[in-house]
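Written below as C-alpha cells is the structure these notes are about.
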Amino acid sequence: MNPLLVSSCAQAALLVLVTGPPASQSHFIDRGAEAGADLLSFGRGAGMADLNGDGRPDLVATDAGTGNTFLRQRPNHSFKDVTADWGIAPVVQHSWGVLIADYDNDGDSDVLFPNGGFTGPEPNQLLRNDLSTSDAFVDVSEAAGDVAVPGKNFGGTLLDYDRDGDLDVFLTTAGGTCTLLENDGELVFTDVSAAAGIVHTGPFRHCGAGDYDNDGWMDVGAGELVRNRLYHNEGDGTFTEVAGALGVASPNPPGNFGFVFADFSGDGWLDVYVPKYQEEPTGPSQLFLNQGDGTFANVTLGSGMSGQTDMGHDVGDLDADGFPDIYIGTGAPQATHDDVLFSVTPGGASGLLATDVSVAWGILEAGPTRLHGMAMGDYDLDGDVDVYSCTGGPSILPATNERNQLWQNQGNANGWIALDLVAVRSPRTPVGARILARTPSGKEAHDQVSVGRGFANTPSATQHLGLGSESAVERVQIDWPSGIRQTLLSPPANQRLSVVETGIRLVGTPSPGGTVLLETCGLPANQSLLLYSLSTLSLPLPTHGGILGVGLPFVQVGLFSLDAQGKHALTLPVPDDPELVGATVWLQSWIHPPGAVDGGVLSNTVPMTL
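Below is the structure:
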C-alpha cells in the first residue's frame, strides 16, 4: 500500500433515502437543537476546525455583541460549550468573522477574530492554541505586533503572499484602507499594506484569496459597496489593483458585500462570485467566468441567478457533483427573509447555470432568518458536506438575536474523495493548495484550501471533492503552496485520506561553477533516492507511487534520509563546463521507507537549466 494512504480511514456509506429526493440530490436537516449547537446569538462569521486534535471538527460561533463561543464535538456528534473550559475570556470587542489556522506552524490551529466593523475601531484578537500543553488558548494579541492596532476590521482572509512558508492576513475595513499583515513566523505581524500597494480606501465588506491566473502567487479580491478591488500578486512583495481592467469591479448595481473565488466551471481556473447587498434588490448577485487569459466575463444574465439581498454567503460542493454551490443569507437588520441555495453547474448560454434548490434541499424549513456566517465541512464524518450557520444581529438591535443552525447533509449516491493535507514545506495550514481529482472517464473536480471565505468563515480543513455519478478516481493532483506538485495514482474513492506533502524543489539559480539547493520533503525518516536525466517522459508507476518523469536511462545520485520534520536539503554543484551551458538536467526523487523495494512516492520532476 502507498505509505501516504496508511492513515486513511473508511467512512460510513452515504445515506440514500428510499422514498426521498433523487439519488444525486442532497437534503439537509437542522440538528442544531439536539446537538447543542443552536446558540442564541447576534451571529457573524462561523468556523469549523479540529481544535483539540481528537479527529472531530469543533465549531466556533462569532457573535458581534455577547462574545464568541467555542463548541467541542463529543463522540456522539453533539457539542459542548468549552469557551470557559479552554481559558477564553469574554471580550468586549465586536467580532465580524473567524480565521482559524496554524499561524505559528506548531501543529495545531490558532484563532484570529477580526474586530471593529461598523462599531468603530477595535483591536483584533489572536488566540494561540496551547490545548496540548496547558488545556487552554492564550490571548497573545498585545504581543502580536500590528494585529492589535485598532481598526474597523470587517472581513478577512489568509494567504502566504510572499511564499515564505507562513500565513499572512488580509483584512477589509468598514471604512478606510484594507490591511495586509505579514507574519514573521513567531506570531508577530507587521502591517505592510502601503509598501505592498494596498492603498485604496472605501466602504469594504468581505474578501477572498485565490490564484486566479495560475501563476503560483495568491491574489486577493475585496468587496466594496461602490466597486470591487482585485489585487494581483506580482511575486515581489507588491500587488497591482486590476479589478476594472479584468472586468470584476462590478459597480452596477452597487452593494458588493464580498468577493469569492471558486471554480464553478470545473476547468481549473478560479471564477468569481460577487454577493450584492441591497435593501430593495435591483439586480442579482453576480457570477464572473474566468476566461483563462487573465480576464473575466460577467455571465450572470441568463445563468438563473435571481435578485435577492445577499449579506451572508459562502460556497461549497454540497451535493458532491464536483461543482461548488452558493449558499446565501438574505436577512437584513430590519427584517428576516428566506435564505437561498443555488446549485451551480456548467452549461447554458452564459456558461454557468444556477438552479434554486432552497426548497428541494430543505433549508427553508428554518423559516426566515438573518443568516450571516456559515462554516462548511463534514462535521459528522459520514462523507458529505454539512453547514453550520450563524444567524441574528446586529447587537445594537437586541430583538434581532436568533438561533444558530447545524444543517446535517443526508447524503446522496454521488461519489467523493476527502483529503487531509499534512504540509511540510508549505504552511502547516496549506492555504492556497490546489487540488484536482480526475476520474477514469475524464471528469474533473477542483478545490482550493481557503481560510476566510464568504462572510469571513473558516471551512473544515478536510477537502471534499465530489465525483458525481463516478465511483473511482484515476488520479489526484495537489499543487502545494511551496510549488511542489504531488500526484496520487488510483486513490480509493469514498474514503478520507491523509496526504503528507512529498516532493522536491530547487532553491537558487544555477550558474556554471556555482551551487543550488535541492529541498526534499515527505514522511519523517523516509529515504530519498535522487534520479536525474537529460530527457523526460511521463510513465505512471503505481508500484512506486507516482509518475516517472525523468527519461531513460536515468542516473541514481545517492540515498538521503529525511529528518524528524520530514525535510532534507542537499547542495548540488553546477558543472563549470561551457559545453553544458543551456542544457537542462531533469531531477526527480523516489521517497520511500528505509529498505523498501516498491511503494513510497515518486516526486514531482524539476528542471535545472545550466
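The opening residue of the sequence shown carries number 120 in the numbering used here; numbering runs sequentially from there.
In this text, a Cβ means the ideal position worked out from N, Cα and C, and glycines have one as well.
request  = Could you tell me the distance, in whole angstroms, from the CA atom of glutamine 567 to the CA atom of alanine 552?
outcome  = On the sequence shown, residue 567 is found 448 positions in, with the first residue counted as 1. On the sequence shown, residue 552 is found 433 positions in, with the first residue counted as 1. Rounded to whole angstroms, glutamine 567 to alanine 552 spans 5 Å at the Cα level.
ask   = Among Ala715, Gln684, Thr662, Ser654, which residue has its Cα nearest to the Cα of glutamine 707?
value = Residue mapping note: residue 707 aligns to position 588 of the sequence shown, counting from 1. The shortest Cα separation from glutamine 707 among Ala715, Gln684, Thr662, Ser654 belongs to Ser654.
query = With distances taken between CB atoms, is the gap from leucine 290 to tyrosine 222 smaller than 7 Å?
reply = For the purposes of this step, residue 290 is taken as the residue at position 171 of the sequence shown. For the purposes of this step, residue 222 is taken as the residue at position 103 of the sequence shown. Contact flag unset, no.
inquiry  = In the DSSP output, what is glycine 327 paired with across the bridge?
reply    = Stepping through the sequence shown from its first residue, residue 327 is reached at position 208. Gly340, per the DSSP bridge assignment.
ask   = For glutamate 525, which of Val179, Gln144, Asp173 has the nearest alpha-carbon?
value = For the purposes of this step, residue 525 is taken as the residue at position 406 of the sequence shown. Going by the sequence as given, residue 525 is leucine instead of glutamate. Checking every option, the nearest Cα to that of leucine 525 belongs to Val179.
query = When you compare only the Cα positions, how much space is there between proline 140 and threonine 474?
reply = Here the question's residue 140 lines up with position 21 in the sequence shown. Here the question's residue 474 lines up with position 355 in the sequence shown. For proline 140, the pLDDT reaches just 46, beneath the cut-off of 50, and the residue's location in the model is therefore unreliable, although a value from the coordinates is still provided. Roughly 16 Å between the two C-alpha positions.
request  = Have a look at Val367, Leu231, Pro400 and flag the residue whose alpha-carbon is nearest the alpha-carbon of valine 393.
outcome  = Translated into positions along the sequence shown, residue 393 becomes position 274. Minimum Cα-Cα distance from valine 393 among the listed residues Val367, Leu231, Pro400 corresponds to Val367.
query = Buried or exposed: which applies to valine 716, given that a residue is buried once 16 or more other Cβ atoms fall within 10 Å of its Cβ?
reply = Position 597 of the sequence shown, counted from the first residue, corresponds to residue 716. Valine 716 should be labelled exposed.
inquiry  = Count Cβ pairs between the segment 340–355 and the segment 314–327 that sit closer than 8 Å; are there 3 or more?
reply    = The segment 340–355 is in contact with the segment 314–327.
task = Mark aspartate 254 as exposed unless 16 or more other C-beta atoms lie within 10 angstroms of its C-beta, in which case mark it buried.
result = Locating residue 254 in the sequence shown gives position 135, counting from the first residue. It counts as exposed.
inquiry  = Determine whether the beta carbon atoms of threonine 577 and glycine 264 lie at a separation below 7 Å.
reply    = Position 458 of the sequence shown, counted from the start, is the residue given in the question as residue 577. Position 145 of the sequence shown, counted from the start, is the residue given in the question as residue 264. No. Outside cutoff.
task = Provide the residue(s) that pair with methionine 493 in DSSP beta bridges, ordered along the chain.
result = Within the sequence shown, numbered from 1, the residue matching residue 493 stands at position 374. Under DSSP, the beta-bridge partners assigned to methionine 493 are Ser508.
key: Beta-carbon separation (whole angstroms), phenylalanine 383 vs valine 463, contact threshold 8 Å   = To locate residue 383, count along the sequence shown from 1; it is residue 264. To locate residue 463, count along the sequence shown from 1; it is residue 344. Confirmed, about 5 Å.
request  = With DSSP collapsed to three states, give me the class of glycine 296.
outcome  = Sequence index remark: in the sequence shown, residue 296 carries index 177 (1-based). Reading off the sequence, residue 296 comes out as threonine, not glycine. Collapsing the DSSP output to three states places threonine 296 in a strand.
key: Selected residue, minimal CA-CA separation from leucine 490, among Arg594, Thr519, Ala479   = As a first step, residue 490 must be located in the sequence shown, where it is residue number 371. When each option's Cα is compared against that of leucine 490, the closest is Thr519.
ask   = Can you find at least 3 beta carbon pairs, one from the segment 156–166 and one from the segment 531–539, that sit closer than 8 Å?
value = Counting Cβ pairs under 8 Å, fewer than three are found: no touch.
Segment limits, alpha helix (DSSP H) that includes glutamate 638 = The residue labelled residue 638 in the question sits at position 519 within the sequence shown. From DSSP, glutamate 638 is part of no alpha helix (DSSP H) but of the beta strand (DSSP E) over 634–640.
task = Would you decide whether glutamine 405 is buried or exposed? Buried here means 16 or more other CB atoms lie within 10 Å of its CB.
result = Locating residue 405 in the sequence shown gives position 286, where the first residue counts as 1. Within a 10 Å sphere around the beta-carbon of glutamine 405 sit 16 or more other beta-carbons, which makes this residue buried.
When Asp227, Ile148, Gln212 are compared against glycine 174, the one with the closest alpha-carbon = Position 55 of the sequence shown, counting from 1, holds the residue named residue 174. Taking only the C-alpha atoms, the option nearest glycine 174 is Asp227.
inquiry  = Does aspartate 265 come out as helix, strand or coil in the three-state DSSP assignment?
reply    = One-based indexing of the sequence shown puts residue 265 at position 146. Assignment of aspartate 265 by DSSP, reduced to helix, strand and coil, places it in the helix class.
ask   = Does the segment 485–503 touch the segment 429–441, meaning 3 or more C-beta pairs lie closer than 8 Å?
value = Per the Cβ contact rule, the segment 429–441 is in contact with the segment 485–503 (3 or more Cβ pairs under 8 Å).
query = Hey, arginine 604 and asparagine 224: beta-carbon distance below 7 Å or not?
reply = In the sequence shown, counting from the first residue as 1, residue 604 sits at position 485. In the sequence shown, counting from the first residue as 1, residue 224 sits at position 105. No, the pair does not count as a contact, with Cβ atoms beyond the cut-off.
ask   = Looking only at its own chain, which residues have a Cβ that is under 6 Å from the Cβ of glycine 184, when we skip the five neighbours before and after it?
value = The residue labelled residue 184 in the question sits at position 65 within the sequence shown. Only Phe161, Ser514 meet the Cβ criterion.
message = So, under 8 Å CB-CB, aspartate 438 and serine 680 are touching, yes? Tell me the CB distance rounded to an integer number of Å.
response = The residue labelled residue 438 in the question sits at position 319 within the sequence shown. The residue labelled residue 680 in the question sits at position 561 within the sequence shown. Going by Cβ atoms, the distance from aspartate 438 to serine 680 rounds to 45 Å, so no, they are not a contact pair.
ask   = Does the pairing of the segment 324–339 with the segment 371–380 give three or more beta-carbon distances under 8 Å?
value = Cβ pair count under 8 Å is three or more, so yes.
Rounded separation between serine 601 and leucine 650 - CA only = As a first step, residue 601 must be located in the sequence shown, where it is residue number 482. As a first step, residue 650 must be located in the sequence shown, where it is residue number 531. For serine 601 and leucine 650, the distance between alpha carbons rounds to 21 Å.
message = Could you compute how far the alpha carbon of histidine 456 sits from the alpha carbon of cysteine 509?
response = If you number the sequence shown from 1, residue 456 lands on position 337. If you number the sequence shown from 1, residue 509 lands on position 390. About 15 Å.
query = Between the C-alpha atoms of glutamate 638 and glycine 701, what's the straight-line distance to the nearest angstrom?
reply = Translated into the one-based positions of the sequence shown, residue 638 becomes position 519. Translated into the one-based positions of the sequence shown, residue 701 becomes position 582. Within the model, the alpha-carbon separation for glutamate 638 versus glycine 701 is close to 23 Å.
key: Residue interval of the alpha helix (DSSP H) (run including glutamate 153)   = In the sequence shown, counting from the first residue as 1, residue 153 sits at position 34. Per DSSP, the continuous alpha helix (DSSP H) segment holding glutamate 153 begins and ends at 151–154.
ask   = Considering only the beta carbon of each residue, do threonine 724 and tryptophan 709 sit closer than 7 Å?
value = Here residue 724 is taken as the residue at index 605 of the sequence shown, counted from 1. Here residue 709 is taken as the residue at index 590 of the sequence shown, counted from 1. Result no, Cβ atoms of threonine 724 and tryptophan 709 do not sit closer than 7 Å.
inquiry  = Within the continuous beta strand (DSSP E) that includes glycine 587, where are the two ends?
reply    = As a first step, residue 587 is located in the sequence shown; it is residue number 468 there, counting from the start. Residue range 582–587 is occupied by the beta strand (DSSP E) that includes glycine 587.
key: Selected residue, minimal CA-CA separation from glycine 685, among Gly481, Ser652, Arg544, Asn187   = Your numbering for residue 685 matches position 566 in the sequence shown. Minimum Cα distance to glycine 685 is reached at Arg544.
inquiry  = Let me make sure I understand the geometry here. Which of Arg191, Phe147, Asn187, His146 has the alpha-carbon closest to that of glycine 155?
reply    = The residue labelled residue 155 in the question sits at position 36 within the sequence shown. For glycine 155, the closest C-alpha among the options Arg191, Phe147, Asn187, His146 is that of Arg191.
inquiry  = For serine 680, report the span of its beta strand (DSSP E) as first-last.
reply    = Within the sequence shown, numbered from 1, the residue matching residue 680 stands at position 561. Run containing serine 680: 674–680, per the beta strand (DSSP E) assignment.
message = So the candidates are Thr188, Pro240, Gly335, Gly236; which of them puts its Cα closest to the Cα of aspartate 598?
response = In the sequence shown, counting from the first residue as 1, residue 598 sits at position 479. Per the Cα distances, Gly335.
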